[in-house]
Amino acid sequence: MVLQSSPELKPITESPQLIARYLEELNTASLIMSVVHMTGDTSLLDELPTPRTLDVVAAGAEGGEQLLEGGYTPAQVADLHRRAQAAIADWQARGCALPELTPAMIQSLYHFMCGADVDPEYLEFIDEEVALDGVDRRGLQLEAPALQARAAAFPVVVIGAGMGGVLAGIRLQEAGIPYTIVEKNPGVGGTWYENRYPGCRVDVPGHSYSYSFAPNHAWSSHFPLADEIRAYFDHCAQQFEVTPHIRFNTEVVTAEYDEAAALWRVRVRDGQGEESVLQARAVISAVGQLNRPKMPDIDGLESFSGPVVHSGAWPQGLDLAGKRVAVIGSGASAFQIIPELAATAFQLVALQRSPAWMFPNPGYHMEVGAGQRWALEKLPYYSKWYRFWLFYTSVEGVYNQTLVDPDWHSKRSVSASNEAMREALSGWIHSQISDPELLDKVLPTYPPFGKRILQDNGSYLAALQRSNVEVVTTGIRAIDAQGVVTDDGVHHAVDAIVCATGFHADRFLFPMHFSGRGGVQLNEQWSETNGRAYLGITVPNFPNLFCIYGPNTNLVVAGSIAHNAESQVHYILECIRLLLEGEQQSLECRQDVHDAYNQRVDEVNAGTAWGSPLVNNWYKNETGRVTANLPFRIIDYWKMTRHAEPGDFLFD
Ligand code: NAP
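Following the numbering used here, the numbering of the sequence shown begins with 30 at its first residue and continues without gaps.
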């Protein structure tokens, strides 16, 4: 039997007793995988049932947290732990050599992890995502010297050093393409640099919210706080030597395409207000959708005498302990801010226009245990499978429950399965609230997935029930020097106002000005708030301009934004490959290709809970068109972005 070494693993030095304790903490499905890797014996996969993938409705209805971890019985788990102990001891006794990963074994592992009958269309997708062989199948490696020379003469400007921009830098560097990243902030991290409000944390699991090629085994929480995520991206930028390519404290003001020279001239302004021009063969925008805070348009806001802060621009050192605070908004940001502020404020007025749906998630604030970290670092393939488990359970998980059934007639749900979700989520809210008046305020009447559903461990509704918190659902009429006046004439006197009122999400690439072929202005082509791009990435009339997390690429439930960013950057590099191989100056998406794609996007979005006329949300622009969201399954978008099809473009 050919043996494979596992150099990335740290040696196991713990006692059997400690290992037994650590095993208790682990994700069962990932541990099963690891045991099979250690023993090479796939019969375990026949003995145990396949893990049940995330089914929130069933988990909520049956009260079964076990369902969130694969649905294994305590007896099955205890038996697995005994086998794992033996497998670890045996593996160590064999010098930690691993049995060869044969194609048959890989297939068995895939089929088991994905539920026995994984659709064949997913096999290549899983190969790429989980990369058991350690081969990174994304990005661009240019072997031919002629191509390398062309790449070296193809400077790129990347705008933004958040998740997408740093990733673009890593991949450009790998391809030997010179690049400069222009970043308006003094540091790396994008949204995680900017959002510093109390309680800010990611609401997808940290172990899947990272680059596939740079897993982080050291997350301190399962849903890490903003500063830890910022530090992760900063670390990646340094590790992959991207940092020296970043111009911090510098904003892009305009970008003009010079057709004759096939060059972008990117005007930037530094922290001192000095302007200069960078020349690039291509521009990659990685500014995201949620980076320009939107203040509410309320009469008298400017007359308020105390601090008015936006969640996305939280002043350093702002201390609201002992103060009377109004929080406007009840979206993802307010949901995290309110419990934190309520704990120390003298009084908190939560001004809620529409309540949020929330998923029960007992682990939302939980720290990662020592056992979990031990397994990530020391058990073969555990970290790969754990990341995949977190990702895959969300890939299709609840996608179908977001789709409108045209024969379903209700204002509260869009299909029978959406109604089942509504009942489960309502039950979760009911279980936490006994006051009928408050219940009436916080129980959404719109369909689940009409707005982003938030991760919840009970802390939000507990905060709303504190004696120092008042939930006000009457509309805001005005703000004066002393506080907020609601439509019923009540004056709410406060010392500070927090606007958790969201972002200019429908103004893509705002406030930069892009001038394309023939002087076409991007904001005019997009009518300011109607961003459209082919695959969310390329735009007619704007040669060699690429977007990461551009129009219609936001994910509501299915998949991971980290995965999508990797798909987009891979596609952009494929486009650049076409240019280099074809010795072309530029490529530009064909208008008909772009239009057909966007027609499909609009059709599918219109048939979703978030596209329904029953709901308002930040996914839609002022005309009601969904400009933020990708409506397709993640596997479909992955397929669309695997290869850049030359026929989709006009070349120069
Ligand atoms: P948001 O979801 O757009 O929420 C804005 C809130 O402000 C809504 O409740 C909105 O009410 C309310 N609002 C806006 N203008 C108002 C006005 N004039 N008067 C009264 N209420 C007003 O913004 P967000 O909470 O910042 O979240 C935006 C997105 O950022 C999220 O959906 C998520 O994608 C991301 N995010 C993620 C995390 C995380 O990972 N944990 C945390 C924060 C944000 P209506 O709903 O009635 O419009």
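A virtual CB, placed ideally from N, CA and C, is assigned to each residue, including glycine.
Report the option in ILE61, ALA113, VAL233, THR102 whose CA atom is closest to the CA atom of SER589. VAL233
Provide the residue span of the alpha helix (DSSP H) that contains PHE417, from first to last. 411-424
In DSSP terms, what ASP287 is bridged to: LEU292
When we look at the beta-carbon of PRO19 and count the other beta-carbons within 10 Å, is it buried (16 or more) or exposed? In the structure as shown, the chain starts at 30 and stops at 681, and residue 19 therefore has no counterpart that could be examined.
How many angstroms separate the CA atom of SER72 from the CA atom of ALA361? 44 Å
SER488 (DSSP reduced to helix, strand or coil): helix
Sequence-distant residues of its chain with Cβ nearer than 7 Å to ALA90 (five each side left out): Residue placement at ALA90 cannot be trusted, given a pLDDT of 48 that sits under 50; what the coordinates show is reported in the next sentence. Closer than 7 Å at Cβ, skipping near neighbours: ALA453.
Identify which residue in PRO132, LEU254, GLY191, ALA350 has its Cα closest to the Cα of MET395. LEU254
Identify whether CYS125 lies in helix, strand or coil by the three-state DSSP scheme. coil
On the premise that LEU380 lies in contact with ILE505, defined as a C-beta separation below 8 Å, what is that separation, rounded to the nearest angstrom? 6 Å
What's the call for GLY92, buried or exposed, on a 16-neighbour Cβ count within 10 Å? Interpretation of GLY92 is limited by its pLDDT of 49, a score under 50 that renders its predicted location unreliable; the figure taken from the coordinates is listed afterwards. Per the 10 Å Cβ criterion, exposed.
Give me the Cα-Cα distance between VAL86 and GLU448, rounded to the nearest whole angstrom. Low local confidence applies: a pLDDT of 49 at VAL86 is under 50, so the model's placement there is unreliable, and no value is given.
Is it the case that the Cβ atoms of ARG321 and ARG536 are separated by a distance below 8 Å? yes
Exposure label - SER44; buried when at least 16 CB within 10 Å: exposed
If we count the other Cβ atoms within 10 Å of its Cβ and call it buried at 16 or more, is VAL598 buried or exposed? buried
Taking PHE532 as the reference, which of GLY341, PRO132, SER237 has the closest Cα? GLY341
Per DSSP, what kind of secondary structure is THR515 in: helix, strand or coil? strand
Where ILE482 sits in the DSSP three-state scheme: coil
Return the first residue and the last residue of the alpha helix (DSSP H) that CYS265 is part of. 255-268
ASP348 to PRO368, Cα distance in whole Å? 15 Å
With a floor of 4 residues, list each alpha helix (DSSP H) that falls wholly inside the stretch 133-200, ordered by position along the chain. 152-159, 174-181
Cβ shell of ILE135 (< 7 Å), same chain only, five flanking positions each side left out: LEU161
Could you check which residue in HIS264, PRO227, ARG230 has the C-alpha nearest to that of ASN245? HIS264
Which same chain residues, not among the five before or five after VAL211, have their C-beta less than 6 Å away from its C-beta? ILE188, ARG276, THR279, VAL281, VAL297
What does DSSP give as the partner residue(s) for MET395 in the beta ladder? Note: MET395 sits in no beta bridge, so no partner.
From GLU632, VAL65, GLN301, TYR261, pick the residue whose C-alpha is nearest to that of VAL195; which is it? TYR261
Where TYR415 and ALA49 are concerned, what is the direct C-alpha to C-alpha distance, given to the nearest angstrom? 19 Å
Does the ligand NAP have a heavy atom nearer than 7 Å to the CB of TRP221? no
Regarding PRO572 and the ligand PLP, is the C-beta to nearest heavy atom distance less than 7 Å? Questions concerning the ligand PLP fall outside what the structure shown contains, since the ligands it does hold are the ligand NAP.
Using the C-alpha atoms, what's the distance from VAL316 back to LEU538? 7 Å
Kindly confirm or deny that the stretch 552-571 and the stretch 616-624 touch, where touching means at least three C-beta pairs closer than 8 Å. yes
Sort ASN650, ARG225, GLN46, SER59 by Cα distance to GLN401 and report the nearest one. SER59
Is it the case that the CB of PHE532 approaches a heavy atom of the ligand NAP more closely than 7 Å? yes
When the Cα of ASN583 is compared with those of THR422, GLY512, ARG662, GLU651, which residue comes out closest? ARG662
Using a Cβ-Cβ distance cut-off of 8 Å, determine whether ARG166 contacts chain B. No chain B is present in this structure, which holds just one protein chain.
SER596 vs TRP667 beta-carbon contact at 8 Å: yes
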